[in-house]
Amino acid sequence: MTTTNIEALVRPNIRRLTPYSSARSEYKGRADIFLDANENPFENGLNRYPDPLQWAVKERISNIKNVPVQQIALGNGSDEVIDLLIRIFCEPGEDHIITLPPTYGMYQVSADIANVAVKKVPLLPGFQPDVDAILAAADAHSKILFLCSPNNPTANSLDPDAMQRLVEQFPGIVAIDEAYIDFAGQASFTQQLATAPNLVVMQTFSKAWGLAGIRLGMIFASEEIIGYFNKVKPPYNVNELTQRAALEALRNESAYREKLQILLDQRVQLTKNLNQLACVQHIYPSDANFVLAKVDQPRELYQYLTGKGIIVRDRSKVTMCEGCLRFTVGTPDENKQLVDAMRKFNNA
Ligand SMILES: *Cc1c(COP(=O)(O)O)cnc(C)c1O
3 MTTTNIEALV RPNIRRLTPY SSARSEYKGR ADIFLDANEN PFENGLNRYP
53 DPLQWAVKER ISNIKNVPVQ QIALGNGSDE VIDLLIRIFC EPGEDHIITL
103 PPTYGMYQVS ADIANVAVKK VPLLPGFQPD VDAILAAADA HSKILFLCSP
153 NNPTANSLDP DAMQRLVEQF PGIVAIDEAY IDFAGQASFT QQLATAPNLV
203 VMQTFSKAWG LAGIRLGMIF ASEEIIGYFN KVKPPYNVNE LTQRAALEAL
253 RNESAYREKL QILLDQRVQL TKNLNQLACV QHIYPSDANF VLAKVDQPRE
303 LYQYLTGKGI IVRDRSKVTM CEGCLRFTVG TPDENKQLVD AMRKFNNA
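Quick note, the sequence shown lines up with residues 3 to 350 if you use the numbering used here.
In structure tokens:
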């Protein structure tokens, strides 16, 4: 294992930063009268600022994910987590991130907004990382390598041995985006955190937890990286309603498991049904809650489905996904309607 000096990877201005000190972070104890935060005193259930470090939510997550609570931070969706990571580590105009296309578009967008360059090392055929090419492309300015596993839009998990090699040998931060890990056969990389100081794992409440509307993303990393994250994040980045909704969901883990099992069963069923259609050429193996399928006439099929009120994602212009549509796994009824509509397109 290469010894990573995290502090040396952090932007100098962030290392030096004196973070904003909120009223709630300066006084954390119990009291009868709070006159320190310029809140409105009249109780309506939401008149107080939320816990800036979301301890109750993180304690629950810690138990479920088996990660110490000091190694967890929360963001306003994974999108905020990605943005903050780039702003912590990448000096605009100097440093860059590395992405492995075809993959999730937000890494590029967040880097573009921050004026941070993006080096692209395409996935190999089979959608696996080209470890040697990634390591050859890396230099002292390669601050973050984004690995998305299971990958969006290709649906496969990346090879754990390849990821392990990258975690061990990449000179910067390796950020593994596990937005779809609940749907995967593979173990989460969170269990490698103890031996990998440069590892960051991201997860979200938007997919398997069914809470895209509350905007809540998780980051798991060393205490040192979590410290920088908490220093840079807006003090109250996760609002009170979101924290309550997350706690409610986390207390009811069995509901999460039930829905997850239905989606996993439906993924099998949908794949089987799509495979029987003449317009479907190939379905890529999925470890996620969607399937990527190569179809005849992708553009026409997309328009046809839209006309029937069924919206799927057209990925047919994405390099290495030519001719492909991406189908999110819906309810059993929604999936049946999708397949029925596609059967009619076949026969039209
Ligand atoms: C859906 C998705 C996310 C989730 O982002 P949120 O901001 O948490 O909703 C993250 N990464 C990938 C690859 C995704 O597809």
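Where a beta carbon is used, it is the ideal one built from N, C-alpha and C, also for glycine.
Asked: At which residues does the beta strand (DSSP E) containing L327 begin and terminate?; Found: C326 to T330
Asked: Under DSSP, the beta strand (DSSP E) around Y122 begins and ends at which residues?; Found: Reading the sequence as shown, one finds Lys at residue 122 and not Tyr. A119 to K122 is the span of the beta strand (DSSP E), which, as asked, contains K122.
Asked: Per DSSP, what kind of secondary structure is Q299 in: helix, strand or coil?; Found: coil
Asked: List the endpoints of the continuous beta strand (DSSP E) containing F148.; Found: S144 to C150
Asked: Quick check on the burial criterion: 16 or more other C-beta atoms within 10 angstroms. Buried or exposed for M3?; Found: A caution first: M3 carries a pLDDT of 43, below 50, which makes its placement in the model unreliable, though a value can still be read off. M3 is exposed by the Cβ-count criterion.
Asked: For A113, which of helix, strand or coil comes out of DSSP?; Found: helix
Asked: Any chance the CB of D38 is under 6 Å from a heavy atom of ligand 1?; Found: no
Asked: Let's see if you can read the secondary structure: which residues bound the beta strand (DSSP E) around A75?; Found: I74 to G77
Asked: Look at L76 and V240 and say whether their C-beta atoms are less than 7 Å apart.; Found: yes
Asked: Use the C-beta contact count for S256: other C-beta atoms within 10 angstroms, 16 or more gives buried, fewer gives exposed.; Found: exposed
Asked: Relative to ligand 1, is the shortest distance from any of its heavy atoms to the C-beta of D81 smaller than 6 Å?; Found: yes
Asked: Just grab the DSSP bridge partners of G219 for me.; Found: G77 and T206
Asked: Taking DSSP as the reference, what is the three-state secondary structure of I175?; Found: strand
Asked: Using CA coordinates, which residue listed in D81, W57 and Y29 is at the minimum distance from V71?; Found: W57
Asked: What three-state label does DSSP hand T192 in the structure shown?; Found: helix
Asked: What does DSSP give as the partner residues of I100 in its beta bridges?; Found: K121 and L147
Asked: Counting only the same chain and skipping the five closest in sequence on each side, list residues whose C-beta sits under 6 Å from that of T333.; Found: none
Asked: Could you check if S159 belongs to the surroundings of ligand 1, using beta carbon to heavy atom distance under 6 Å?; Found: no
Asked: Less than 8 Å between the CB atoms is what I'm expecting for R328 and R315, so what's the real figure, rounded?; Found: 4 Å
Asked: Do I175 and V202 count as a contact pair if the criterion is CB distance below 7 Å?; Found: yes
Asked: Would you kindly report the start and end of the unbroken beta strand (DSSP E) that includes V282?; Found: V282 to I285
Asked: Nearest by alpha-carbon distance to N68: which of A196, L303 and E242 is it?; Found: A196
Asked: Quick check on Q245: buried or exposed, where buried means 16 or more other Cβ atoms within 10 Å of its Cβ?; Found: buried
Asked: With a threshold of 7 Å on Cβ separation, who are the neighbours of R345 within its own chain once the five nearest residues in sequence on each side are excluded?; Found: L279
Asked: Among all the DSSP beta bridges, which residues are the ones paired with V293?; Found: F329
Asked: Only counting the same chain, and skipping five residues up and downstream in sequence, which positions put a Cβ closer than 6 Å to that of C92?; Found: V118 and K145
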